[in-house]
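Asker:
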Amino acid sequence: MELSNVQDTAESVTVIAYSTTGTKLFERTVSLNAKGTSHFIVEEYVPGEKGLVVVKSNSLNSVFANLMQYKRRNNGGIYYLYAVPLVPPIGNSLAGSYNTWIGHQNNLLIANFGSSNESVVINMTRLTGEKLINAENAIVPSHGLNVLNLNEREAANNYGLVKVDSTSNHSIAAWVVRETI
Numbered sequence: 228m229e230l231s232n233v234q235d236t237a238e239s240v241t242v243i244a245y246s247t248t249g250t251k252l253f254e255r256t257v258s259l260n261a262k263g264t265s266h267f268i269v270e271e272y273v274p275g276e277k278g279l280v281v282v283k284s285n286s287l288n289s290v291f292a293n294l295m296q297y298k299r300r301n302n303g304g305i306y307y308l309y310a311v312p313l314v315p316p317i318g319n320s321l322a323g324s325y326n327t328w329i330g331h332q333n334n335l336l337i338a339n340f341g342s343s344n345e346s347v348v349i350n351m352t353r354l355t356g357e358k359l360i361n362a363e364n365a366i367v368p369s370h371g372l373n374v375l376n377l378n379e380r381e382a383a384n385n386y387g388l389v390k391v392d393s394t395s396n397h398s399i400a401a402w403v404v405r406e407t408i
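Right, dumping it as structure tokens:
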């Protein structure tokens with residue numbers, strides 16, 4: 228995780244990680260210097276886990292963060308690398324594209340930042356207009372994360388749009404993450 232403070236004064240930040248089921252895995256306080264950046268390896272605290280990370284600062288609009296994900300080759304080279312920005316859960320209709328060309332693995336990540344379970348509706352539409360997922364309901368646990376393998380719903384060499392709708396504002400965030408496999 229990379230945390231950065233954009234203010235001219237120091238900032239204390241609380242980082243909390245939850246499992247996919249919403250169980251708190253760790254809580255850590257990080258002190259950031261003015262205009263400073265800190266890195267730490269989340270994997271050391273939660274080996275092999277997927278989940279949700281919440282960052283709380285003392286000041287509004289003071290911190291930004293990215294979760295870096297990478298896989299190494301046997302020779303130490305990088306097989307893939309991407310960043311998932313930490314974003315506030317805003318809105319109730321979220322959309323992103325998927326792409327199964329050139330061997331991309333596509334996972335839909337749906338995070339619930341709220342203190343109660345959230346119901347979402349998922350739609351997946353190929354560029355041709357064909358519905359692959361049509362209004363499928365899912366429950367995302369409080370402080371949890373659902374991971375949906377989109378490649379299980381789509382053939383190779385296609386692309387389209389995934390949409391997640393929630394009944395409440397400011398609790399759900401969603402991303403489509405593509406990895407070359």
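Using the working numbering, the final residue of the sequence shown is 408, and nothing's skipped along the way. Each residue gets a CB set at the ideal place from its N, CA and C atoms; glycine is no exception.
What does the alpha-carbon distance come out to for the pair His370 and Glu229?
Answerer: Within the sequence shown, numbered from 1, the residue matching residue 370 stands at position 143. Within the sequence shown, numbered from 1, the residue matching residue 229 stands at position 2. Distance between the alpha carbons of His370 and Glu229 is about 21 Å.
Asker: Go ahead and label Ile317 buried or exposed: buried means 16 or more other beta carbons lie within 10 angstroms of its beta carbon, across all protein chains shown.
Answerer: Residue 317 sits at position 90 when you count from the first residue of the sequence shown. Counting Cβ neighbours within 10 Å, Ile317 comes out exposed, since fewer than 16 surround it.
Asker: Which value, in whole angstroms, describes the spacing of the CA atoms of Val240 and Ser246?
Answerer: Translated into positions along the sequence shown, residue 240 becomes position 13. Translated into positions along the sequence shown, residue 246 becomes position 19. Going from the Cα of Val240 to the Cα of Ser246 covers about 20 Å.
Asker: Tell me Asn334's beta-bridge partners as DSSP assigns them.
Answerer: Looking up residue 334 in the sequence shown gives position 107. Its beta-bridge partners are Asn376 and Val404.
Asker: Is it the case that the Cβ atoms of Leu294 and Val273 are separated by a distance below 7 Å?
Answerer: Here residue 294 is taken as the residue at index 67 of the sequence shown, counted from 1. Here residue 273 is taken as the residue at index 46 of the sequence shown, counted from 1. Contact flag unset, no.
Asker: Can the beta-carbon of Leu335 be found less than 7 Å from the beta-carbon of Leu375?
Answerer: The residue given as residue 335 occupies position 108 in the sequence shown. The residue given as residue 375 occupies position 148 in the sequence shown. Yes; because the gap between Cβ atoms is below 7 Å, this pair is in contact.
Asker: So, with DSSP's three-state summary, where would you put Val314?
Answerer: Taking the first residue of the sequence shown as position 1, residue 314 is located at position 87. In this structure, Val314 counts as coil in the three-state DSSP scheme.
Asker: Measuring only the C-alpha atoms, how far is Thr248 from Ile366?
Answerer: Walking along the sequence shown from the start, residue 248 turns up at place 21. Walking along the sequence shown from the start, residue 366 turns up at place 139. Straight-line Cα distance between these residues: approximately 11 Å.
Asker: Per DSSP, Arg255 forms a beta bridge with which residues?
Answerer: Locating residue 255 in the sequence shown gives position 28, where the first residue counts as 1. In DSSP, Arg255 forms a bridge with Val242.
Asker: Give the DSSP-derived three-state secondary structure of Val269 in the structure shown.
Answerer: Along the sequence shown, one-based indexing puts residue 269 at 42. Of the three classes helix, strand and coil, the one that applies to Val269 here is helix, per DSSP.
Asker: Look at the alpha carbon of Arg353 and the alpha carbon of Asn361, and state the distance between them as a whole number of angstroms.
Answerer: For the purposes of this step, residue 353 is taken as the residue at position 126 of the sequence shown. For the purposes of this step, residue 361 is taken as the residue at position 134 of the sequence shown. Arg353 and Asn361: Cα-Cα distance of roughly 11 Å.
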